[in-house]
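Residue numbers (the working numbering): 5 to 367. Here is the structure we will look at, set down as structure tokens.
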Ligand SMILES: Cc1ncc(COP(=O)(O)O)c(C=O)c1O
């Protein structure tokens, strides 16, 4: 792409352009993005509209949204001096990477994991190192320790997407305390698992914890996430974040979400129960391997061409995620846990697809 028309682009942008996309055919049953299948009740949406109506839309939001951040911090159980807020945790991840990565620096991203990390790191020109997961795609602390010695930044996702695996908290503590790298721990699926590294941020300046309201909180459409780090590091990360990033609508919605957390997160136990039920039934199906998951999705492998299975399920109105293009996942698909009737429809669609697609094929 080094033609003269586009010579102003960085070399890596030309190389990466169009590489991050999502195939989303319209399907009545949508189990491809790990969303909460239960939308907000109308009364709570109304409460957000009313809160926003009372505000001045012609004015910028506060330069530092201190009162709002304090509410988020109280909810998280962190000190407000440790918290930054953003339009989804992705935005904060971007700020963390902008503050730390550049050409010549290494970032350790154990694979397979959430695709965005590698893409952003490469856009910034950093060298991506992979490794750190064992043969069963679980975190391997000894490997991580060895590889982290060479890295400026390490990204750990716990529970990991798309595997559902988690890091042992004691291992993480040891790794953070005995290495010089910045450890970015993405806890997007924290509520489905329950273990967090948040407490460690009080004492470890080389740790960032990312959280999102997109999953358990059923707020993906509003885009809200936050990060927690040591107070001494916060100003540095804040420097790489755009000013006025959060709009008044998102802030009003998040305030309502926090006030009504019990209602919005009311289905978590059901989702976890459904995860175990679906995993059990998947395991019973011939030729299906299911990875243990502490999240709201399941990764599974079959002896069929995953793309053909995906297509056959789309044909039956069920959309799952084809993750077979991820490193080490040539035979895998990922399904988000939905409502019980959606999960049943998925299981039926998979059964149908397995009879339709012959064994073998790719990869
Ligand atoms: C591991 C992980 N982190 C972050 C996100 C996105 O978070 P947000 O919506 O807060 O930007 C996702 C979404 O799928 C994810 O799987």
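All C-beta atoms in this analysis are idealised placements derived from N, C-alpha and C, irrespective of residue type, glycine included.
Margin query: Considering only their Cβ atoms, is the gap separating residue 157 from residue 104 smaller than 9 Å?
Written below: yes
Item checked: Close beta carbons around residue 282, own chain, < 8 Å, minus the five adjacent residues each side -> 302, 339, 341, 347, 350, 351
Notebook entry, point to check: residue 195: beta carbon under 8 Å from a heavy atom of ligand 1?
Noted result: The closest heavy atom of ligand 1 lies 8 Å or more from the beta carbon of residue 195.
Notebook entry, point to check: Does DSSP put residue 43 in a helix, a strand or coil?
Noted result: coil
Margin query: Taking the straight line between their C-alpha atoms, what separation do you get for residue 187 and residue 211?
Written below: If you take the alpha carbons of residue 187 and residue 211, they lie about 5 Å apart.
Next item on the list: Specify the secondary structure class of residue 267 as computed by DSSP and reduced to three states.
Entry: helix
Next item on the list: Reducing DSSP to helix, strand and coil, say where residue 365 ends up.
Entry: Reduced to three states, the DSSP call for residue 365 is coil.
Margin query: So the candidates are 87, 337, 140; which of them puts its Cα closest to the Cα of residue 237?
Written below: 87
Note to self: So, for residue 320: in the same chain, excluding its five sequence neighbours on each side, which residues have a beta-carbon less than 7 Å away from its beta-carbon?
What the structure shows: Hits under 7 Å: 353, 356.
Note to self: Does residue 27 come out as helix, strand or coil in the three-state DSSP assignment?
What the structure shows: Residue state for residue 27 is assigned as coil, using DSSP reduced to three classes.
Notebook entry, point to check: Under 8 Å from any heavy atom of ligand 1, does the C-beta of residue 161 make it?
Noted result: Within the cutoff, so yes.
Margin query: Can you confirm whether the segment 229-243 touches the segment 75-90 when touching is taken to mean that 3 or more C-beta pairs between the two stretches lie within less than 8 Å?
Written below: yes
Margin query: Can you tell me whether residue 95 sits near ligand 1, meaning its C-beta is under 8 Å from at least one heavy atom of the ligand?
Written below: yes
Note to self: Using CA atoms only, rank isn't needed, just tell me which of 313, 239, 262, 140 is closest to residue 229.
What the structure shows: 262
Note to self: Let's see if you can read the secondary structure: which residues bound the alpha helix (DSSP H) around residue 328?
What the structure shows: Run containing residue 328: none; DSSP gives neither H nor E here.
Notebook entry, point to check: Should residue 297 be listed as close to ligand 1, given that the test is whether its C-beta is under 8 Å from any heavy atom?
Noted result: Not so, every heavy atom of ligand 1 lies at least 8 Å from the Cβ.
Checklist line | CB contact flag (residue 275, residue 65, <9 Å) | finding: no
Next item on the list: Examine ligand 1 and report whether any of its heavy atoms sits within less than 8 Å of the Cβ of residue 218.
Entry: yes
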